[in-house]
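Chemist: Here's a structure for you.
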Amino acid sequence: MEFSRSQTEAIEHKDGPALILAGPGSGKTAVITERTSRLITEHGVDPSRILVITFTRAAAREMEERFIRRMGKKYPVTFGTFHAVFFTVLKYAYHFHAGNIIKEDVKYQYMREIVAHMGLEYDDEAEFLSSLFGEISMVKNAGVALENYYSSNLPEHVFRKIYRAYDEKLRRNRLLDFDDMLVYTYELFSERKDILSAWQKKYRYILIDEFQDINKLQFDIMKMLALPENNLFVVGDDDQSIYRFRGARPEIMLHFDKDYPNAKKIVLKENYRSTANIVDASLRLIGHNTERFQKEIHAAGSSGAAVEFAVFEDQRAENRKIIEEIRDHVEGSGMYSDIAILFRTNTQPRLLMEQLMDYDIPFVTRDNIPNLYEHWIAKDIFAYIYMAQGSRTRKNFLQIMNRPKRYISRENVDEEEIAFEVLLDIYRDKPWIAERIEKMEYDLKVIGRITPFAAINYIRQSVGYDDFCREYADYRRISEEELLEKLDELQEGAKGYRDFDEWFTHIEEYTEELKRQSEKQRKNKNGVLLATLHSAKGLEFQKVYIVDVNEGVMPYKKAVLEADIEEERRMFYVGITRAREKLKLCSVKKLNNHETEISRFIREMNETGD
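Counting from 1, one number per residue, gives the positions in the sequence shown under the UniProt record's numbering.
Next up, the structure:
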């Protein structure tokens, strides 16, 4: 294999720290494997003294396989993730084994017990627990004192109590989660210099892939491990750092030369993946970020097709056009798997998936795409409709009786079938509650006589469900906008259905098809890829569509600070650079029936940064 001048310079680096800036399609994996092989074959380094770290097991496997192919046989070089390497350290120090790593279901069960014991109420269990674990992970990985961390989910004293209870439960049961592997290793190396010294002698040459994704705790451990020679060879792209929400800090890479003033810096300048038009557009975009390394990158190949940009009335029209182009591509003897459709959040593609199913176009998802109709808000709306259709089950009534607040007590709802006249009799001496029950009964009669679209609108505005969502969002410290968006999407999806039976039949068919699609995906190698910008990282396709390129989506509405906007821009840059030959960016005029603006990123792609 032939290497460029910059690749050769990186490969031939032997001793001391080195920072390799490797943009999209620059052949970084080849550089890492070639440098590893030359350390052994040309410099006589004992292969068991070399450590190659990646961020995923799949990447570690791929790296090792490429290395074995290059060498023609297996060598005792260590290829692994941070967690795998650190757990090996802990196994020797504390005699841990796989059984000491907490299983996901046990972890969630522990947290449910802790939260229930504290009397916290929530409807969105999966989201609530997941966000709690995200915050706990952030505290551990950022190396901040618990007292200095301010929770976005709960009052500080409540979060700290939960954190300590969870931590204590793990330690009492001699269990550790993935973040603990880092915390324990850092503590061990800090306190036991003899153990640290043994591992320093073991790994004299350390190579780290995707260095832009490193967090503070991982880097602090690696700095200790690399001493005293500091043979730390780090490879990454600061422009592709998109995991701040997980604790990754791009500034670690940007300030590498402050930690290692004598570090060699090499830029891999060629992009072997994308056409010049795609590369140039991506550079114009990312040039608007200020916190980055300035670098010259050029395409190794031809100019190729111009980057396409299109504006559609709404998502349905956007999806129809993409589907038409996919069918043309396949009829012209292309493969479905040549194409990727990328989006910002995993809730966006529901309508697209429905339309792909209608046209029998196979697709593969990289993310867990939640079924809107299984969200607790959808279940509340369904409960209103079931009751409007005559259901009087206790289950349906309990779900909505205080959404919005009607002050009805569960103690007064103990029959399996609910009778409004009985309830009114119970509350006859509390006219303010009786009045609300009468209003509910009247509302259900109205809902039962109108279309699904009108019914959702009535539940939101006349019944007061939007106000309930605002109060709930305030109580849970979550975005009311996100809850109202769920309602917008549900309402938009109900458009065009004449009655509830027709709408519910569609929902049932969609849910079944989703399950079938999930089964098919395991076997299907030829499908259009649907992925978030996050999960598309590291992949490449002949043609890439990025959809809903609008303000509030890209950049995402939660991005307020300049650092957040820069991260959103990096995410969009990652999406653009997945395309080899063709890139199409799609915006809409209306999103869930609301007017929306075209993303600033489109304009930036046609300007030069400062």
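Ideal Cβ placement from N, Cα and C applies to all residues, glycine included.
Given that a residue counts as buried once 16 or more other Cβ atoms are within 10 Å of its Cβ, and exposed if not, what is glutamate 318?
Modeler: buried
Chemist: For histidine 594, which of helix, strand or coil comes out of DSSP?
Modeler: strand
Chemist: Confirm, please, whether the CB-CB distance from isoleucine 447 to tyrosine 458 is below 8 Å.
Modeler: Against a cut-off of 8 Å, the Cβ pair of isoleucine 447 and tyrosine 458 comes out as a contact.
Chemist: Assuming leucine 232 and isoleucine 206 are in contact, meaning their beta carbons sit under 8 Å apart, how far apart are those beta carbons, in whole angstroms?
Modeler: 5 Å
Chemist: Roughly how many angstroms lie between the CA atoms of threonine 577 and leucine 372, to the nearest whole one?
Modeler: 30 Å
Chemist: Please report how far the alpha carbon of asparagine 396 lies from the alpha carbon of glutamate 441, in whole angstroms.
Modeler: 14 Å
Chemist: Specify the secondary structure class of threonine 275 as computed by DSSP and reduced to three states.
Modeler: Note: threonine 275 maps to coil in three-state DSSP.
Chemist: Where glycine 390 and alanine 434 are concerned, what is the direct C-alpha to C-alpha distance, given to the nearest angstrom?
Modeler: 20 Å
Chemist: Put phenylalanine 82 into one of helix, strand or coil per three-state DSSP.
Modeler: helix
Chemist: Are valine 463 and aspartate 443 touching if we call contact CB-CB under 8 Å?
Modeler: For valine 463 and aspartate 443, yes; Cβs fall inside 8 Å.
Chemist: Leaving aside the five residues before and after glutamate 417 along the sequence, list all residues of the same chain whose C-beta is less than 6 Å from its C-beta, in chain order.
Modeler: Cβ within range, chain order: Arg392.
Chemist: Can the beta-carbon of valine 235 be found less than 8 Å from the beta-carbon of isoleucine 208?
Modeler: Cβ atoms of valine 235 and isoleucine 208: closer than 8 Å.
Chemist: Look up phenylalanine 343 in the DSSP assignment and say whether it is helix, strand or coil.
Modeler: Phenylalanine 343 sits in a strand when the DSSP states are folded into three classes.
Chemist: Cα separation between glutamine 218 and aspartate 257?
Modeler: 17 Å
Chemist: Mapping the DSSP letters down to three states, classify isoleucine 437 as helix, strand or coil.
Modeler: helix
Chemist: Assess, as a yes-or-no matter, whether the region 76–90 is touched by the region 236–255 under the definition of 3 or more beta carbon pairs within less than 8 Å.
Modeler: no
Chemist: Which of the three DSSP states, helix, strand or coil, is assigned to phenylalanine 453?
Modeler: For phenylalanine 453, the three-state secondary structure derived from DSSP is helix.
Chemist: So the candidates are Ser274, Lys269, Ala305; which of them puts its Cα closest to the Cα of glutamine 294?
Modeler: Lys269
Chemist: Within 10 angstroms of its Cβ, does valine 422 collect 16 or more other Cβ (buried), or is it exposed?
Modeler: Classification of valine 422: exposed, given that the 10 Å Cβ count is below 16.
Chemist: Apart from the five residues just before and just after tyrosine 260, which ones in its own chain have a Cβ nearer than 6 Å to its Cβ?
Modeler: Same-chain partners within the cutoff: Pro17.
Chemist: Please report how far the alpha carbon of glycine 609 lies from the alpha carbon of arginine 603, in whole angstroms.
Modeler: Low confidence applies to glycine 609: its pLDDT is 44, below 50, so where it sits in the model is not reliable enough to give any reading.
Chemist: State the start and end residues of the unbroken beta strand (DSSP E) segment that holds leucine 530.
Modeler: 528–532
Chemist: Can you name the start and end residues of the alpha helix (DSSP H) that lysine 395 belongs to?
Modeler: 394–400
Chemist: Go through the region 15–98 residue by residue and report every complete run of the alpha helix (DSSP H) that reaches 4 residues or more, in order.
Modeler: 28–41, 57–71, 82–94
Chemist: When burial is assigned at 16 or more other CB atoms within 10 Å of the CB, is arginine 327 buried or exposed?
Modeler: exposed
Chemist: With distances taken Cα to Cα, identify the nearest neighbour of glycine 538 among Arg366, Glu581, Gln399.
Modeler: Arg366
Chemist: According to DSSP, is arginine 406 helix, strand or coil?
Modeler: In the structure shown, arginine 406 sits in coil (DSSP, three-state: anything other than H, G, I, E or B).
Chemist: Going by the CB atoms, is the gap between isoleucine 297 and asparagine 277 shorter than 8 Å?
Modeler: Taking 8 Å as the Cβ cut-off, asparagine 277 and isoleucine 297 do not qualify as a contacting pair.
Chemist: Kindly identify the DSSP beta-bridge partner or partners of leucine 225.
Modeler: For leucine 225, which the question treats as bridged, DSSP gives no partner whatsoever.
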